[in-house]
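Going by the UniProt record's numbering, 64 is the number at position 64 of the sequence shown; the sequence numbering is gapless.
Cβ coordinates follow ideal geometry from the N, Cα and C atoms, glycine included.
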Amino acid sequence: MTTQISGPPVVRDERSAEFFDASAADRLLIRKCSDCGHPLGLESRTCACGSSNLEWHNASGSGELISWSVVHHPPHPAFADQVPFPVGLIELAEGPWLNARIVGIEPDRLHAGLSLTVAFVHPAEGDSYPVFAPASSSPKEA
């Protein structure tokens, strides 16, 4: 499945570089605590155990839709021809929650508990990034 998504380029920083490098290779990363092994969200800086020893680990890319919103007003002029589009909160199989765009399904067909799988957008400019689609679609790239 290929979905055309355009917009301003994603800009990495030192903390996100490894995540975006993995996205370019169609791999989804999450953070895990090196001390207790607890999986954490992408922006985590410390674990509930108090450790700041976090490492990136591959995630399965499977998840479940927790909540979503439909964007009707483009947040940037480059999105003007793409509205409405859904963005959702996905609980990954490993536990962390991730905010991402949802592709491959009409917004009125979304429901809590929907099984999703990761796909990746590889724009001509800027970094690649993950999106999610219904698991039954089994997309390779969005």
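Practice task
Measure from the alpha carbon of LEU54 to the alpha carbon of each residue in LYS32, LEU65 and VAL70, then state which is nearest.
Solution key: Mapped onto the sequence shown, residue 54 falls at position 54. The option with the nearest alpha carbon to LEU54 is LYS32.
Exercise for the section: Would you identify the three-state DSSP class for ALA24, choosing helix, strand or coil? Expected result: Translated into the one-based positions of the sequence shown, residue 24 becomes position 24. In the three-state reduction of the DSSP assignment, ALA24 falls in the helix class, which pools H, G and I.
Exercise for the section: Express the C-alpha separation of ASP108 and ALA24 in angstroms, rounding to a whole number. Expected result: For this step, residue 24 is matched to residue 24 along the sequence shown. For this step, residue 108 is matched to residue 108 along the sequence shown. One C-alpha to the other measures close to 30 Å.
Practice task
Using only the heavy atoms of the ligand COA, determine whether one of them is closer than 6 Å to the beta carbon of ALA112.
Solution key: Absent from the structure shown: the ligand COA. Ligands present: none.
Handout entry: Beta bridge counterpart(s) of GLU64 as assigned by DSSP
Key = By one-based count along the sequence shown, residue 64 stands at place 64. Answer is GLU91 and SER115, bridged to GLU64.
Handout entry: Span separating the alpha-carbon of PRO123 from that of ALA78
Key = Taking the sequence shown and counting its residues from 1, one reaches residue 123 at position 123. Taking the sequence shown and counting its residues from 1, one reaches residue 78 at position 78. Distance between the alpha carbons of PRO123 and ALA78: 13 Å.
Handout entry: Beta-carbon gap between VAL131 and VAL103 smaller than 7 Å
Key = Translated into positions along the sequence shown, residue 131 becomes position 131. Translated into positions along the sequence shown, residue 103 becomes position 103. Annotated as proximal: VAL131 and VAL103, with beta-carbon spacing under 7 Å.
Exercise for the section: Give the C-beta separation of HIS38 and ALA48 to the nearest angstrom, bearing in mind that I take them to be a contact with Cβ-Cβ under 8 Å. Expected result: Locating residue 38 in the sequence shown gives position 38, counting from the first residue. Locating residue 48 in the sequence shown gives position 48, counting from the first residue. Sure, about 7 Å apart at Cβ, within 8 Å.
Practice task
Determine, using beta carbons only, whether LEU42 and TRP68 come nearer to each other than 7 Å.
Solution key: For the purposes of this step, residue 42 is taken as residue 42 along the sequence shown, with counting starting at 1. For the purposes of this step, residue 68 is taken as residue 68 along the sequence shown, with counting starting at 1. A distance of 7 Å or more separates the beta carbons of LEU42 and TRP68.
Practice task
Determine the extent of the beta strand (DSSP E) in which ASN58 is found, giving its start and end residues.
Solution key: Along the sequence shown, read from residue 1 onward, the residue named residue 58 stands at position 58. Counting along the chain, ASN58 sits inside the beta strand (DSSP E) bounded by residues 54–58.
Practice task
Would you check if the distance between the CB atom of ALA133 and the CB atom of LEU92 is smaller than 7 Å?
Solution key: Numbered from its first residue, the sequence shown carries residue 133 at position 133. Numbered from its first residue, the sequence shown carries residue 92 at position 92. Not a contact, by the Cβ cut-off of 7 Å.
Practice task
Measure the C-alpha to C-alpha separation of GLU106 and PRO86 and round it to an integer number of angstroms.
Solution key: Against the sequence shown, residue 106 aligns to sequence position 106. Against the sequence shown, residue 86 aligns to sequence position 86. Their Cα atoms are separated by approximately 8 Å.
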